[in-house]
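The structure appears below as structure tokens.
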Amino acid sequence: MSQHDEEDISPLRVLIVRGSFASLGGAERELLQLMRATSMKWKVGLATLEMTEEAEALLDGAPIQMYQPKTAHIWSHGALAEIVARSSRDAQKAWRDIEIPWSEYDAVHLSVCKGTLELLPLIPAQLPVHYHCLEPPRWLYEDVLHRRLDGKPKRPLWLTKLLFTRQRRRDRAFVRQLIQRPKSSISGNSMWIQRRIKTVYRLSSDPTKENGEPPLRDERGAPLEATHLMHVIDLEQWPLEASPEEKDAAKKMVAIDGPYVVTIGRISHVKGTWETLRSLAETGLCLVQVGGGEVRDRNALMEEGKRIGVEVHCMPRLSQVALCHLIRNARAMVSHAHAEPFGLTPIEAMAVGTPALMVDEGGFQCTMSSVDSGKLLRRDDAQAWKEAYQSLDDEPLRAQWANTGRTYVQEHFTLSVQIAALERMLTQY
3 MSQHDEEDIS PLRVLIVRGS FASLGGAERE LLQLMRATSM KWKVGLATLE MTEEAEALLD
63 GAPIQMYQPK TAHIWSHGAL AEIVARSSRD AQKAWRDIEI PWSEYDAVHL SVCKGTLELL
123 PLIPAQLPVH YHCLEPPRWL YEDVLHRRLD GKPKRPLWLT KLLFTRQRRR DRAFVRQLIQ
183 RPKSSISGNS MWIQRRIKTV YRLSSDPTKE NGEPPLRDER GAPLEATHLM HVIDLEQWPL
243 EASPEEKDAA KKMVAIDGPY VVTIGRISHV KGTWETLRSL AETGLCLVQV GGGEVRDRNA
303 LMEEGKRIGV EVHCMPRLSQ VALCHLIRNA RAMVSHAHAE PFGLTPIEAM AVGTPALMVD
363 EGGFQCTMSS VDSGKLLRRD DAQAWKEAYQ SLDDEPLRAQ WANTGRTYVQ EHFTLSVQIA
423 ALERMLTQY
């Protein structure tokens, strides 16, 4: 039963917690988007150990109370730091020095990140806590982040597993502490991650669970199962027709000769960048990559492109309107990402009428399997990928995909859907 009655005219008071915003990738941007939107309905606070000027600018002046260290938090690096879980221990100490007025909040929303769960022991027992586990930390439980661009291990995988032993123990201990709390909950960002939570943390998973549906609870109110809370987009940032600002931004961008596909994500094995490039051989399509990466990986990607006859463009950081232009004019959004936790990029592509061709794995199955817009393809089916690229020349099919995709996004992946689901998670216990 909720203790925040729907008839109560006072706004819900929510403290959002994320260890760091330094990388400012898709997860950080999506959370900042959520804060902007909820600040118009709730009283929102943000606790973080590391906030950047660029991240704060994306809040766009939203009335959000910030709680952060008086001096910049320094994260530990190196093999020894990994072995002894120093970053986790340092984060736990750093949280103790930040004064948070807990009595001013009705609930706490934790966003998975290094340093986030370390705040958990300080949260008063009576407060509801929702842990949005976008993915159990992949560097601890999977090997895809420990491989080079071409898939070869950076070091022996047994050694990698050994290095992170203590960190895995701490992570699991924090999650056990969380799910033993009354009025707590843990959710993935897709049904795929809900199942991963079951695998990693041994918490039940009901495949019939709906987006934002609270967990079953024991007699104390502690959760008996994992749930999921899906990501969304702000449709105002992804208009169906190009705005004047988008057209102006397009004039300043480097021209791309010929038809191209876009792949989004840091150049890496986990994002499948190498495989996407190779799938384009003999298609006549260019590859445009957005998301940065190491210089050596970018150079390797460019060289491989030259070898197989695929032109490669690695874009600098783009404004939102420039990104819209790039995706809108692409033949398709493409990804070979390995077990992607959610798969927001096909949603963004559908919003502006661009087909999405995605590997049939992970979160992509959750975001695309129920809509006839674009294709889900087996990773190892080279012929299917070639045929999918050829189908992009079928303009009536593209138009059908565009219409279906935009409607699908409007129904399932808007801010109003996400806010309602999160409020349900935070108040129904």
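Sequential numbering of the sequence shown, starting at 3, is according to this note's numbering. Think of the CB as a built atom: it goes at the ideal place given N, C-alpha and C, for glycine as much as any other residue.
Beta-carbon proximity check, residue i vs residue j, cutoff 8 Å
i	j	result
leucine 346	valine 361	no
alanine 283	isoleucine 258	no
tyrosine 69	alanine 49	yes
histidine 75	glutamate 56	no
alanine 324	glycine 274	no
alanine 93	glycine 21	yes
arginine 197	proline 138	no
aspartate 383	tryptophan 276	no
leucine 424	glycine 214	yes
serine 189	methionine 427	yes
proline 348	methionine 335	yes
serine 89	tryptophan 77	yes
glutamate 106	arginine 15	yes
leucine 122	glutamine 169	no
Helix, strand or coil at residue i according to DSSP, with G and I counted as helix
i	result
methionine 3	Residue placement at methionine 3 is poorly supported in this model, since its pLDDT is 44, which falls under 50; the coordinates still yield a value, given next. Here methionine 3 sits in coil by DSSP.
valine 86	coil
leucine 142	helix
histidine 230	strand
glutamate 9	With a pLDDT of 48 at glutamate 9, under the threshold of 50, the predicted position of this residue should be treated as unreliable, though the coordinate-derived value follows. Glutamate 9: coil per DSSP, three-state reduction.
histidine 134	strand
proline 155	strand
leucine 34	helix
serine 371	coil
serine 418	helix
serine 113	strand
methionine 68	strand
valine 314	strand
arginine 298	helix
proline 225	strand
serine 206	strand
leucine 379	strand
arginine 408	helix
arginine 150	coil
For residue i, the nearest candidate out of the options (CA to CA)
i	options	result
leucine 289	Val314, Ala283, Lys308 and Met304	Val314
leucine 205	Lys211, Asp145, Pro225 and Asp62	Pro225
serine 321	Lys249, Tyr431, Lys45 and Gly286	Lys249
glutamate 212	His230, Val202, Arg222 and Ile199	His230
glutamate 227	Ser207, Val234, Asp236 and Glu238	Ser207
isoleucine 195	Tyr107, Gly364, Ser186 and Leu242	Gly364
Where residue i falls, given that 16 or more other Cβ within 10 Å makes a residue buried
i	result
histidine 403	In the sequence as displayed, the identity of residue 403 is tryptophan instead of histidine. With 16 or more Cβ atoms within 10 Å of its Cβ, tryptophan 403 is classed as buried.
aspartate 299	buried
isoleucine 18	buried
glutamine 35	buried
glycine 307	buried
threonine 210	exposed
isoleucine 11	exposed
asparagine 191	buried
proline 398	exposed
glutamine 5	The pLDDT assigned to glutamine 5 is 49, lower than 50, so where the model puts this residue is not dependable; a value taken from the coordinates is nonetheless given after this. Classification for glutamine 5: exposed.
proline 217	buried
glycine 47	buried
glutamine 385	exposed
Residues bridged to residue i [DSSP beta-bridge criterion]
i	result
glutamate 52	Ser22
methionine 335	Val264 and Ala358
arginine 15	Lys45
isoleucine 188	Tyr133
cysteine 288	Tyr262
lysine 308	Answer by DSSP bridge pairing: none, since lysine 308 is not bridged.
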